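What follows is a short report on a single structure.
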Amino acid sequence: MCGIIGYVGNKSALPVLQRALKRLEYRGYDSAGVAILQDGRFKVVKQPGKVEKLNVLLESIPMHGKLGLGHTRWATHGVVSEVNAHPHWDCKQEIMVVHNGIIENYKHLRKELEDKGHKFLSQTDTEIIAHLVEEYYTHTLEEAVIKVLSKIKGTYAFVVASQREPEKLVGARLLSPLILGLGENGYYLVSDVTALLNETRLVVYLDDGDVVVVKKDGFQILDFKGQPRRKTSSKIQWDFSTRDKAGYPHFMLKEIYEQPEVVKRNITKYIRAEEISLSIDENILREAKHLWIVACGTAYHAGLVSEYLIERWAKIPVTVDTSSEFRYRDVVLEENTLFICISQSGETADTLAALRLARKMGIRTLAVVNVEGSTIAREADTVIYTNAGPEIGVASTKAYIAQLFILQLLGLKLAQLKNTIDIGFYKSYLTEIQMIPLYLESCLANASQIQKIADEVYNAHNFLYLARGMNFPNALEGALKLKEISYIHAEGYPGGEMKHGPIALIEDSLPVVAILSQGRVRDKMLSNLLEVKARHGKVIGIFPAGDQEVKEVCDYSIEIPAVREELSTLLVPIPLQLLAYYVAVNRKCDIDQPRNLAKSVTVE
Ligand code: F6R
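Residue numbers (this note's numbering): 1 to 604.
Structure, rendered in structure tokens:
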């Protein structure tokens with residue numbers, strides 16, 4: 001959460017900061033600000049609201065200067081206000097700081113500094129960094145920062161600049177991402193690589209415990225004790241062209257429509273000559289006796305779907321946990337457990353902490369990650385990339401499909417290696433799964449019909465999502481999508497559990513989204529649907545084309561291709577995403593940047 005940028009070089013800093021902030025905005029968007037070192041003094045502009053609002057203000061405030069800091073905020077400490085927006089500064093406004101993370105012991109440090117006469121303006125934890133630097137700044141900025149690091153506790157990526165050393169930035173990271181961009185015309189310190197679009201593709205991924213000192217003509221990386229650290233640079237491979245809306249009204253809709261392409265990309269990458277090749281050491285899978293899958297939000301739902309599939313195919317136990325629960329429970333991981341974490345961003349604080357915990361326990365780790373070079377991707381023993389490309393809409397869509405797809409391949413591969421599925425089934429499934437892009441296209445073709453359904457139900461106060469078996473996690477995901485972008489309360493429930501409580505909610509004003517597929521739970525789910533109908537629930541059914549019996553029960557029907565149950569888990573998300581999207585459109589919600597949310601949750 002929060003996006004930070006520092007720039008020093010030969011270019012005018014303001015446009016660089018503005019471009020980067022626009023791209024970092026998905027990390028938080030309740031306030032934004034910039035500081036530019038201009039004629040030896042810092043000039044600061046910051047305010048509540050999105051980057052666009054800041055840009056409008058900046059049109060009337062000329063700012064020039066070749067060093068600057070920028071920030072887009074997701075509030076943790078202190079309300080959303082101008083004074084709490086970053087950058088923050090010291091008593092003399094000579095030292096500027098932008099920060100992502102939480103300084104946990106800030107209250108105690110603030111008291112100490114106030115007793116020494118420091119004057120604080122904001123309620124933030126971040127401001128402490130500027131005052132501590134001021135306190136310790138006797139020689140160089142990096143020396144002061146290193147002293148600060150020995151005092152602060154928590155998670156952080158921050159960048160500091162000082163008027164005293166006008167061509168220098170100092171950054172540090174611990175448990176929040178920070179990347180150094182190496183451009184021809186300067187250096188960039190940013191929260192993630194997407195901020196570097198059109199600036200440079202050459203980066204140094206900083207690690208926890210790194211301090212980076214950047215000057216106009218070079219950089220140096222130190223550890224928290226000031227000792228030099230060696231780092232190599234990497235080239236970003238991402239196709240950045242996906243970073244505009246391409247004519248769609250929202251990134252979310254564009255990303256929904258990109259899903260067939262995302263799956264095609266993964267087919268090309270991981271299926272060759274009728275074989276799955278995940279480009280990892282297969283012994284990791286061969287030796288795994290138990291899978292422990294850990295993730296948050298949408299990625300957690302992908303993990304839950306895979307639990308059904310992997311247990312069915314590979315016949316090994318699978319446990320799925322949310323990262324925030326895993327890390328604070330006394331989990332017992334047996335030998336030969338394979339820990340798998342799933343993350344779009346590769347930076348989610350709880351998932352990263354869970355990964356580190358597993359590594360500390362000596363467990364093998366595998367990350368299923370979208371963002372190349374992200375911290376989780378770099379720290380896991382092995383990584384499988386999901387190749388969804390940059391996902392900008394805060395509500396995850398194409399990253400989810402990519403995770404589901406990769407986890408299906410992983411399950412099949414495991415089963416093949418463990419000899420738990422018939423080779424004929426394996427081959428035919430591999431043929432069928434390559435049809436998924438086509439099936440996804442036909443799900444997308446239902447968009448206008450789904451829009452009409454949304455037009456009729458968008459005023460509801462609550463929604464219930466029901467499914468059984470391997471589509472149950474998709475019910476959770478459908479409810480999550482609706483909640484986050486339309487602000488309607490929604491719950492996902494296993495169909496069979498309904499009569500243990502939620503059935504009390506059923507009445508004619510409650511839309512019930514029911515997911516049915518072919519397979520062993522179809523008839524059971526149909527019975528649950530009849531129970532809803534008997535109580536006048538309004539049923540929106542998502543079911544295989546041609547299932548007339550189900551169609552007759554539904555008030556609104558959304559048909560998907562009639563594929564086997566396992567494959568249906570890859571198709572069902574499309575109608576769920578489209579329904580949430582059009583409901584949110586009707587309610588005039590801020591779809592790409594829903595309130596209170598941020599794309600990358602880098603605080604716990
Ligand atoms: C929901 C959503 C979130 C994320 C969750 C994990 O649409 O996007 O629930 O799935 O915050 O994020 P990653 O996958 O980046 O670890």
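In this text, a Cβ means the ideal position worked out from N, Cα and C, and glycines have one as well. If you're wondering where the values come from, they're calculated on a predicted model, not measured in any experiment.
Under the three-state DSSP convention, the category residue i falls into
i, result
"GLU275", "strand"
"PHE224", "coil"
"THR375", "helix"
"MET252", "helix"
"PRO511", "strand"
"ASP455", "helix"
"TYR29", "coil"
"VAL369", "strand"
"ARG535", "coil"
"SER448", "helix"
"ASP634", "Since the first and last residues shown for the chain are 1 and 604, residue 634 lies out of range."
"VAL383", "strand"
"MET96", "strand"
"GLU104", "coil"
"LYS119", "coil"
"TYR429", "helix"
"THR337", "strand"
"GLN38", "strand"
7 Å CB neighbourhood of residue i in its chain, flanking five on each side removed
i, result
"ALA13", "TYR7, ILE36, GLY65, LYS66, LEU67, GLY68"
"PHE326", "VAL294, ALA354"
"SER517", "ASN471, PRO544, GLU565, SER568"
"LYS269", "ASN387"
Option in the options with minimal Cα separation from residue i
i, options, result
"THR365", "ASP350, VAL371, ILE384", "ILE384"
"ASP592", "VAL512, GLU604, SER486, ILE558", "SER486"
"VAL513", "THR140, MET498, SER345", "MET498"
"PHE472", "VAL553, VAL601, SER306, HIS489", "SER306"
"THR200", "ALA562, GLU25, VAL190, ASP207", "VAL190"
"ASN419", "TRP313, GLU391, ALA367, ALA475", "TRP313"
"ILE236", "GLU531, LEU182, TYR429", "LEU182"
"PRO594", "ILE392, PRO573, LEU121", "ILE392"
"SER122", "THR76, GLU491, LYS524, ILE152", "THR76"
"ASP192", "TYR137, LYS225, ALA20, LYS269", "ALA20"
"THR124", "GLU456, VAL148, ALA584, VAL97", "VAL97"
"VAL145", "GLY209, VAL204, GLU552", "GLY209"
"VAL159", "HIS500, ILE103, GLY70, SER81", "GLY70"
"ILE433", "THR72, ASN586, GLU311, GLU274", "GLU274"
"VAL45", "ARG23, ARG27, HIS88, TRP292", "HIS88"
"THR397", "MET361, TYR581, ALA195, GLY117", "TYR581"
"ILE61", "ARG329, TRP74, LYS43, GLY49", "LYS43"
"VAL369", "TYR400, ALA395, LYS360", "TYR400"
C-alpha distance - residue i paired with residue j, whole-angstrom precision
i, j, result
"LEU338", "PRO494", "28 Å"
"LEU571", "PHE543", "10 Å"
"GLY519", "ARG564", "7 Å"
"LYS315", "LEU414", "9 Å"
"THR155", "GLY101", "5 Å"
"ILE515", "VAL550", "10 Å"
"ILE5", "HIS108", "28 Å"
"THR298", "ASP223", "35 Å"
"ASP508", "ASN459", "13 Å"
"GLU282", "ILE363", "16 Å"
"GLY186", "LYS11", "7 Å"
"GLU334", "ASP381", "18 Å"
"TYR257", "LEU444", "7 Å"
"PRO317", "LYS289", "7 Å"
"ARG286", "TYR426", "17 Å"
"PRO228", "GLU477", "46 Å"
"ALA447", "ALA85", "40 Å"
"THR140", "PHE120", "23 Å"
"ASN528", "GLY546", "20 Å"
"GLY226", "GLU167", "20 Å"
"MET435", "LEU404", "15 Å"
"LEU149", "GLU142", "10 Å"
"LYS483", "SER277", "37 Å"
"ALA504", "GLY303", "30 Å"
Cβ neighbours of residue i in the same chain (closer than 8 Å, five flanking residues each side left out)
i, result
"LEU309", "LEU407, GLN408, GLY411, MET470, GLU566, THR569"
"ALA475", "TYR465, LEU466, ALA467, GLY492, TYR493, PRO494, VAL513, ILE515"
Proximal residues to residue i (C-beta, below 6 Å), its chain only, five neighbours per side dropped
i, result
"TYR300", "THR322"
"TYR265", "Reading the sequence as shown, one finds Arg at residue 265 and not Tyr. Counting only Cβ-Cβ distances below 6 Å, and skipping sequence neighbours, we find ASN387."
"GLU531", "none"
Notebook entry, point to check: Which ranges would you report for the alpha helix (DSSP H) in the segment 267 to 319 if only whole runs of at least 4 residues count?
Noted result: 282 to 286, 297 to 314
Next item on the list: Only counting runs of 3 or more residues, tell me where the beta strand (DSSP E) segments fall wholly within the segment 551 to 585, in order along the chain.
Entry: 556 to 560
Next item on the list: Tell me the start and end of each unbroken alpha helix (DSSP H) in the segment 140 to 215 that is at least 4 residues and wholly inside, in chain order.
Entry: 141 to 151
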